[in-house]
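Residue numbers (the working numbering): 394 to 672.
Input: a single structure, listed below in structure tokens.
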Amino acid sequence: MSERGKPRPALFRALGKQEPPSFVEIDGETFHLLELFKHDSWAATAIYQGGAKKVVCKFNRQQSVLGFPMKWLGRWLARREAGHYRRLADLPSVPRLCGPVMLNGMELRFAVAHDFVEGHPLGRYEVVGEAFIHELKTAFEEVHRRQMAYVDLHKRENILVGADGKPHLIDFQVSFMLPEPTGLLGPFQRWFLRQLQWIDNYHLRKHERKLRTSLGEGTQALPAKPWWIRLHRLVARPLREARRRLLVLLGVRKNQGRATSEHFAEDAVRHGDHAKRAA
């Protein structure tokens with residue numbers, strides 16, 4: 394059994410010392426906590442069940458940071474992500490947004506919920522069919538057509554292989570949506586959206602290459618990385634390594650600081666690397 398770190402201190406948990414509530418009310422129905430997926434610095438995400446129906450609830454940041462209140466951030470993140478789900482409401486690859494998350498008759502404005510998708514995160518060595526790849530590409534074409542960028546596609550675990558064998562997209566927390574109307578910043582916002590969509594397509598090509606390799610097919614070369622991706626990696630990698638070292642120093646992670654060594658590693662990390670199989 395691999396060695397685990399200590400539980401995260403309150404500062405590194407979205408809800409501090411608190412846990413997600415044991416039950417919530419959504420669309421007039423009571424849902425009870427079934428499983429906690431993850432609880433990191435940004436949000437606590439859990440499955441709730443009411444009767445035969447399951448939903449996923451995300452409770453965004455409430456814990457203050459060194460005395461600075463952060464409840465405003467949690468409300469903003471929830472409102473923003475709900476807007477993303479609304480714009481993509483009729484796409485079969487995106488879960489349906491639920492109504493407001495309530496607790497004892499009060500709306501939890503820092504929470505957002507959507508229908509649960511039966512399935513599992515796309516595994517590193519998973520074999521999927523041509524239809525899956527085609528539907529995944531079609532889904533992103535539609536996301537982009539609606540003036541959005543997913544942004545977080547470098548995380549393979551954000552692509553779910555549904556029980557129906559189809560791709561499903563989850564977690565739109567860091568996605569970007571062109572506002573309507575755009576206002577004075579419109580030209581810059583449209584330029585920024587195009588750059589983010591390019592990043593989406595770049596990572597989609599990377600995933601497609603790996604999936605086609607698993608199918609035993611040849612692959613095309615990736616386009617050269619633009620300077621701003623190289624700059625981002627130049628800055629982000631040292632920051633990510635510093636964060637890992639801090640978590641190891643605090644005892645939250647062990648050895649090399651991998652997420653799997655945490656006391657509670659998120660579900661996608663625990664189960665993301667599936668053996669080769671047909672979806």
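Yeah, the Cβ is synthetic: ideal placement off N, Cα and C, and Gly gets one too.
Sequence-distant partners of lysine 410 (beyond 5 residues in either direction) whose C-beta falls short of 6 Å from its own C-beta, in its chain, are Ala403. For the region 531 to 574, the continuous beta strand (DSSP E) assignments of 3+ residues that do not extend past its boundaries occur at 552 to 555 and 560 to 562, in sequence order. Under the DSSP definition of a beta bridge, isoleucine 419 partners with Glu422 and Val494. Here DSSP, grouped into helix, strand and coil, assigns glycine 409 to coil. Here DSSP, grouped into helix, strand and coil, assigns alanine 439 to strand. Valine 645 and serine 434 have their C-alpha atoms spaced approximately 13 Å apart. Burial check for serine 457: the Cβ neighbour count within 10 Å stays below 16, so the residue is exposed. In this structure, leucine 546 sits away from serine 486, with a CB-CB distance that is not shorter than 9 Å. For the 9 Å CB-CB criterion, lysine 464 and arginine 479 do not form a contact.
Judged by pairs of C-beta atoms under 8 Å, the region 417 to 430 touches the region 441 to 453, as three or more such pairs exist. Beta-bridge analysis with DSSP links alanine 504 to Phe452.
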